[in-house]
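Structure, as structure tokens:
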Amino acid sequence: MRKYYPIPSLAEKPVLEGRCLSCQFLRQKQSTRRTSTFKCTSQKEQSISNPQVASGPNIDPQTNGSSPKPLTHPLGLPYPPEIGQHTGIDRRTLWQRKDEFTSREKQIERRIRLAKEFSKPYFREWTRMRYHKGKTFLSNPRLFKADKALYFPNLFGRTLDRLNPLKHTTPVLQGKVSVVSIFSSLWAERQAASFVGLKQNSTLHRMIQEANAIAQKVEINVEDNWLKALLIRSFMGSIRRKLPEAQHGRYFLVTTGFTDFLKEQIGVMNGKVGYVYLLDDACRIRWAGSSVATPVEMESLNNGLRRLIEEKRRTKVTEERDSKTRQVDTVET
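1 is the number of the first residue of the sequence shown in full-length UniProt numbering; add one for each residue after it.
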């Protein structure tokens with residue numbers, strides 16, 4: 001009886017590591033015909049002889065339908081926001097543009113950025129919507145500590161205010177406890193409304209009304225496509241009629257400046273999903289939620305908002321007392 005000895009698959013060689021999966025599969029299939037009578041003893045050999053069982057590491061929980069995990073680390077930028085950041089407006093001079101256009105380092109950076117952009121599948125975001133309605137993480141049950149929390153970036157966009165439509169988000173967010181919702185479509189807006197909608201979460205609206213000078217709700221509509229942004233601008237009048245006048249300066253239409261880097265830093269991993277953030281008076285992200293709200297997430301949002309309002313009230317009372325003390329000392333001197 002003839003014995004067949006295992007022949008190493010060509011897919012194991014470094015030369016074929018960069019080839020497509022179909023070529024590697026054909027090589028593996030040919031090798032399995034010669035090694036069918038040989039019993040595999042190692043995990044590596046089993047993966048070669050049975051390619052449909054082998055699977056690579058899966059980083060994205062949305063691709064295999066596994067449940068999203070609770071948020072365990074703060075989201076945001078390590079530096080506080082400032083007016084003028086991330087506007088998307090190119091203020092370079094003509095000579096600066098020429099120098100960067102001819103710079104070898106800038107060309108390499110552009111190549112890397114374009115390669116990363118074109119490597120993304122076109123329907124990836126829609127495919128991720130199949131699992132848990134696009135939810136990428138569960139909200140943190142408790143607020144992130146102030147000394148550990150990171151900052152919400154400054155964005156620039158058009159508001160519903162007739163007198164001063166173009167605004168930065170930082171002056172609006174500073175000094176108040178803010179519930180910020182980010183969306184880019186009607187589907188995402190409805191998902192964000194499951195956290196902050198009047199019908200869905202009347203408790204949140206009641207707390208904001210009772211602490212009008214301390215808390216607020218801010219909406220950011222992100223649209224990168226200039227044609228869709230132009231269409232939304234044509235419906236600004238109807239949006240203005242739906243919202244109260246006090247909310248006109250807190251509704252932003254952002255078309256530029258919200259880069260992929262900023263999205264990754266604040267956890268916006270899917271542009272078709274709605275996201276909600278709870279910020280303190282220093283623009284730090286203390287709580288975050290994505291997709292459709294669960295009862296536990298809604299309760300954690302309300303508890304976090306209540307706690308931040310109480311902290312802001314105590315801080316305000318302390319500042320007023322210190323201000324009166326300084327005035328008395330000034331009069332006595």
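From the three backbone atoms N, C-alpha and C, an ideal C-beta is built for every residue, glycine too.
What does the alpha-carbon distance come out to for the pair residue i and residue j?
| i | j | result |
| --- | --- | --- |
| Arg314 | Leu305 | 14 Å |
| Gly249 | Asp161 | 5 Å |
| Leu278 | Trp95 | 42 Å |
| Ser103 | Lys116 | 20 Å |
| Phe258 | Glu223 | 9 Å |
| Ser194 | Ile89 | 34 Å |
| Asn212 | Lys148 | 27 Å |
| Pro61 | Ser139 | Residue placement at Pro61 cannot be trusted, given a pLDDT of 47 that sits under 50; what the coordinates show is reported in the next sentence. Answer to the nearest angstrom: the Cα atoms are 16 Å apart. |
| His205 | Ile220 | 18 Å |
| Asp329 | Glu319 | 15 Å |
| Ser178 | His132 | 27 Å |
| Leu186 | Asp280 | 27 Å |
| Arg142 | Gln107 | 44 Å |
| Ile112 | Glu299 | 43 Å |
| Gln85 | Arg91 | 12 Å |
| Gln265 | Gly76 | 5 Å |
| Tyr251 | Ser119 | 33 Å |
| Asp322 | Ile83 | 29 Å |
Output needed for residue i: all residues of its chain with C-beta closer than 6 Å, excluding positions within five of it in sequence on either side, in chain order.
| i | result |
| --- | --- |
| Pro165 | Arg158 and Thr159 |
| Thr325 | none |
| Thr203 | Asn302 |
| Lys167 | Thr159 |
Which same chain residues, not among the five before or five after residue i, have their C-beta less than 7 Å away from its C-beta?
| i | result |
| --- | --- |
| Glu189 | Phe183 and Gly274 |
| Gly134 | Arg128, Asn270, Lys272, Val273 and Ser291 |
| Pro68 | Pro61, His132, Lys135, Thr136, Phe137 and Leu138 |
| Lys176 | Ile214, Ala215, Gln216 and Asp281 |
Measuring from the CB of residue i, is there a heavy atom of the ligand FMN at a distance below 7 Å?
| i | result |
| --- | --- |
| Tyr251 | This structure does not include the ligand FMN; it has no bound ligands of any sort. |
Pull the bridge partners of residue i from the DSSP assignment, please.
| i | result |
| --- | --- |
| Phe156 | His168 |
| Pro70 | Leu138 |
My guess is that residue i and residue j are in contact by the Cβ rule of under 8 Å, so how many angstroms apart are they, rounded?
| i | j | result |
| --- | --- | --- |
| Asn154 | Thr169 | 6 Å |
| Arg233 | Leu262 | Contact doesn't hold; Cβ gap of about 22 Å is too wide. |
| Ala192 | Val276 | 6 Å |
| Val180 | Phe152 | 7 Å |
| Val218 | Leu150 | Not really, about 18 Å apart at Cβ, beyond 8 Å. |
Cutting at 8 Å between CB atoms, please list the residues of its own chain near residue i, excluding the five before and the five after it.
| i | result |
| --- | --- |
| Met207 | Ala215, Asn302, Leu305, Arg306 and Ile309 |
| Leu71 | Phe137, Leu138, Ser139, Asn140, Gly267 and Ala288 |
| Gly197 | none |
| Lys316 | Ile214 |
So residue i is in the alpha helix (DSSP H); what residue range does that whole segment cover?
| i | result |
| --- | --- |
| Ile108 | Arg104 to Phe118 |
For the beta strand (DSSP E) holding residue i, just list the boundary residues, first then last.
| i | result |
| --- | --- |
| Gln216 | Ala215 to Val222 |
| Val180 | Val177 to Phe183 |
| Ser290 | Ile285 to Ser290 |
How about residue i: is its C-beta nearer than 8 Å to some C-beta of chain C?
| i | result |
| --- | --- |
| Gln107 | The structure shown contains no chain C; it is built from a single protein chain. |
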